[in-house]
Ligand code: SAM
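Numbering (this note's numbering), first residue to last: 138 to 386.
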């Protein structure tokens with residue numbers, strides 16, 4: 138089942154795919170023909186089965202007949218933002234792709250004291266376009282109903298403008314002190330939305346943690362092992378899926 142996002146609302150039982158990238162993939166790469174079925178997700182996060190009626194190679198359009206699908210949503214039942222300290226290009230691309238697969242709704246990269254990278258103002262837009270494209274491809278591949286939003290904050294302090302109903306710091310020092318219950322307790326309260334901040338390889342500076350604690354971010358440990366900066370958010374997202382999506386029958 139291939140799935141594509143369309144940036145409009147599907148309102149009729151006929152729809153024309155004219156987005157160049159989707160056209161190229163469906164018609165040229167996969168060489169779909171009349172009668173083949175693909176899936177479309179529109180801006181209202183609805184999934185449609187789309188039967189191809191015509192592939193118009195001249196006008197670069199595909200005409201499809203759509204039918205609302207009853208396949209259940211794949212979205213996590215909690216709205217999750219992961220906020221990661223900026224790191225090298227390949228790592229932030231990896232974080233964007235994998236956290237999309239694992240269900241994050243928003244991915245924030247922020248500059249912090251021990252970040253090894255810093256984005257100059259003039260490159261931010263270009264970098265975000267690239268990361269947003271990675272998020273879109275990963276969301277299509279993992280059959281998400283939304284494309285996570287990717288944001289950049291030039292200061293950790295700006296995280297307080299993006300708060301969720303529950304806000305956490307994955308803090309290595311909490312883990313080292315044996316803190317193993319606050320995350321589990323927090324998730325038992327079924328928060329509507331949760332944001333978790335992750336530090337760089339060098340960790341958080343104590344004054345950054347103080348600032349966030351004062352802004353109502355709770356420091357939590359993620360178990361006894363200290364993970365790489367890009368592993369910790371994946372652990373966190375996996376815990377949410379285990380907690381809210383899996384069950385023993
Ligand atoms: N340099 C730090 C040290 O030696 O303690 C380790 C930083 S760790 C590589 C990078 C980030 O991952 C941390 O700032 C934290 O956000 C997160 N992290 C990794 N393991 C963690 C754990 N067990 N508990 C909480 N956070 C963790």
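Note that CB positions come from ideal geometry on N, CA and C, so glycine has one too.
Annotation: the continuous alpha helix (DSSP H) that includes residue 278 extends over 258-278.
Taken in chain order, the whole beta strand (DSSP E) runs of length 3 or more contained in the region 143-210 are 151-154, 174-178, 184-193, 198-205.
Note on the region 294-352: whole beta strand (DSSP E) runs with a minimum of 3 residues are 303-307, 330-335, in chain order. The criterion of a C-beta distance shorter than 9 Å is not satisfied by residue 250 and residue 186. The region 205-220 makes no contact with the region 255-265; the number of CB pairs closer than 8 Å stays below 3. Excluding five sequence positions before and after residue 208, the CB atoms of its chain that fall closer than 7 Å to its own CB belong to 184, given in chain order. With a 10 Å radius around the Cβ and a threshold of 16 neighbouring Cβ atoms, residue 363 comes out exposed.
Check the Cα spacing between residue 200 and each of 221, 226, 224, 173: the tightest is with 173. In the structure shown, the three-state DSSP call for residue 241 is coil. For residue 217, the enclosing beta strand (DSSP E) begins and ends at 216-222. The Cβ-Cβ distance between residue 247 and residue 291 falls below 9 Å. The beta carbons of residue 328 and residue 303 sit closer together than 9 Å.
Annotated as proximal: residue 301 and residue 332, with beta-carbon spacing under 9 Å. For the pair of segments examined, the region 339-359 was found not to touch the region 188-196: the number of CB pairs separated by less than 8 Å stays below three. Here the alpha carbon of residue 294 sits roughly 23 Å from the alpha carbon of residue 236.
Within the same chain, and ignoring the five residues on either side of residue 252 in sequence, the residues whose Cβ sits closer than 6 Å to its Cβ are 222, 223, 337. Residue range 286-290 is occupied by the beta strand (DSSP E) that includes residue 288. The three-state secondary structure of residue 236, taken from DSSP, is helix. In the three-state DSSP reduction, residue 385 falls in the coil class, being neither helix nor strand.
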